[in-house]
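Listed in order, the protein sequences are those of chains E and S. So the first sequence is numbered by our numbering: it starts at 1 and just counts up by one. So the second sequence is numbered by our numbering: it starts at 1 and just counts up by one. Here a beta-carbon is modelled for each residue, glycine too, at the ideal position from N, C-alpha and C. Predicted model, so just to flag it, every value in this text is computed and none were measured. Encoded as structure tokens, the structure appears first; notes follow it.
Number of protein chains: 2
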Amino acid sequence: MRLSTKFSDALHLLVFINVFSDIKITSDLIAISIKTSPVVVRRLIGSLRDAGIIINDPNNHQPIFAKEPSEITMFDVYLATEGHTALFEIDHDTNAECTVGGNIQEVLNGFYTNAEAAAYKELNRISMQEVIDQILIADKLKKARAAQ
Amino acid sequence: MRLSTKFSDALHLLVFINVFSDIKITSDLIAISIKTSPVVVRRLIGSLRDAGIIINDPNNHQPIFAKEPSEITMFDVYLATEGHTALFEIDHDTNAECTVGGNIQEVLNGFYTNAEAAAYKELNRISMQEVIDQILIADKLKKARAAQ
DNA sequence: ATCCTCTGTAACTTTTGTAGTTACAATTAT
DNA sequence: ATAATTGTAACTACAAAAGTTACAGAGGAT
Chain E
1 MRLSTKFSDA
11 LHLLVFINVF
21 SDIKITSDLI
31 AISIKTSPVV
41 VRRLIGSLRD
51 AGIIINDPNN
61 HQPIFAKEPS
71 EITMFDVYLA
81 TEGHTALFEI
91 DHDTNAECTV
101 GGNIQEVLNG
111 FYTNAEAAAY
121 KELNRISMQE
131 VIDQILIADK
141 LKKARAAQ
Chain S
1 MRLSTKFSDA
11 LHLLVFINVF
21 SDIKITSDLI
31 AISIKTSPVV
41 VRRLIGSLRD
51 AGIIINDPNN
61 HQPIFAKEPS
71 EITMFDVYLA
81 TEGHTALFEI
91 DHDTNAECTV
101 GGNIQEVLNG
111 FYTNAEAAAY
121 KELNRISMQE
131 VIDQILIADK
141 LKKARAAQ
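The following block contains the structure:
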């Protein structure tokens with residue numbers, strides 16, 4: 001399969017609209033940073049809006065955070081963009097007549113749910129503010145090194 | 001993408017060869033339980049053999065565990081079958097000229113690695129013996145309920 | 001020794017979800 | 001009014017998984 005980068009691109013988009021909140025932001029502009037098409041950006045904006053993570057600023061017609069970045073976690077963004085897919089996929093078509101095939105789905109579901117919850121918990125600990133901060137720090141570091 | 005069920009199917013296969021170790025096991029027989037084709041089963045066997053999880057019993061020509069089921073974890077099986085895919089996919093093609101696009105990959109990589117490690121740690125806590133035990137218990141429960 | 005079964009693997013096809021593209025009506029800014 | 005931009009829908013392109021077909025080679029059965 002082609003792996004989905006929707007989650008990553010949505011995080012990118014959110015950091016972008018925060019970092020460049022002082023200039024006019026269009027889907028074209030965001031698309032250049034993500035290196036994708038404006039339509040893909042608009043689709044992401046739609047998902048994030050549906051999830052209540054961003055709203056359209058009625059004043060200048062561009063997406064802004066619906067809540068403080070410190071109040072939104074990476075997991076909220078994950079749910080908004082890829083919440084329908086499980087991290088570990090159960091094979092739902094196994095032979096019910098068999099001791100193994102007839103019970104493995106529910107057993108794996110328990111283990112998978114547990115492991116997924118551990119990952120989600122980590123994502124839920126990280127706020128968008130932290131992501132923004134780390135990117136700004138990484139940028140300063142890079143520029144300082146380049147200047148040497 | 002079509003989500004991969006290789007991990008689930010490999011676990012299925014391992015439980016199967018343990019539960020039915022007293023009968024002659026062919027890839028055809030396993031395929032009936034997983035509801036897939038014998039070739040898919042043989043491919044899984046190949047991956048598990050390459051990873052040192054199973055070997056071919058020289059006596060009766062069928063796959064058996066290379067170590068005790070209590071010494072093999074779900075994570076070992078995950079690595080053998082889907083270890084190349086990340087749980088959270090970074091968009092590796094972003095605009096390096098941009099403050100966001102030029103730093104987001106490394107920042108997300110840190111967060112993703114952390115979240116993935118949490119999930120992997122959970123998988124690594126569960127031995128194949130536990131998976132086998134839970135499936136046998138689920139089967140007994142199901143049969144007891146059906147008999148009532 | 002020959003036959004039969006099964007394995008391991010390669011090559012090809014089918015399927016399915018993501019991403020990219022094209023198009024356009026509706027909205028907003030100037 | 002005009003131009004820019006959005007939100008969607010429809011379509012195409014692409015990639016990965018899984019299924020299929022094929023077949024040489026190994027081992028066991030008789």
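With three or more CB-CB distances shorter than 8 Å, the segment 117-134 of chain S counts as touching the segment 67-78 of chain S. A distance below 6 Å between beta-carbons, with the five flanking residues on each side excluded, links S:Ile-64 to the following residues of its chain, in chain order: Asp-57. Residue pairing by DSSP places E:Ser-127 opposite E:Thr-73 in a beta bridge.
For S:Asp-22, no chain E residue has a C-beta closer than 8 Å to its own C-beta; the minimum C-beta separation is roughly 13 Å. Nearest to E:Thr-5 by alpha-carbon distance, out of E:Gly-110, E:Thr-36 and E:Ile-90, is E:Thr-36.
Straight through space, the alpha carbons of S:Phe-75 and S:Gly-52 are spaced by roughly 13 Å. Taking a Cβ-Cβ threshold of 7 Å, the residues of chain S close to E:Asn-95 are Ile-32, Ser-33 and Lys-35, in chain order. Contact between S:Phe-16 and S:Ile-30 holds: their C-beta atoms lie close to 6 Å from each other, under 8 Å.
With a cut-off of 8 Å on Cβ pairs, the segment 44-51 of chain E is not in contact with the segment 101-109 of chain E, counting fewer than three such pairs.
If the five residues before and after E:Ile-90 are omitted, its C-beta is found closer than 8 Å to the C-beta atoms of Gln-105, Leu-108, Asn-109 and Tyr-112, all from its own chain and listed in chain order.
Setting aside the 5 residues that flank it on each side, E:Ile-54 is surrounded in the same chain by Leu-14, Ile-17, Ile-45, Leu-48, Pro-63, Ile-64, Phe-65 and Ala-66, each with a C-beta closer than 8 Å to its C-beta; the list follows chain order. The beta carbon of S:Ala-86 lies closer than 8 Å to those of Tyr-112 and Glu-116 in the same chain, with the five residues before and after it left out.
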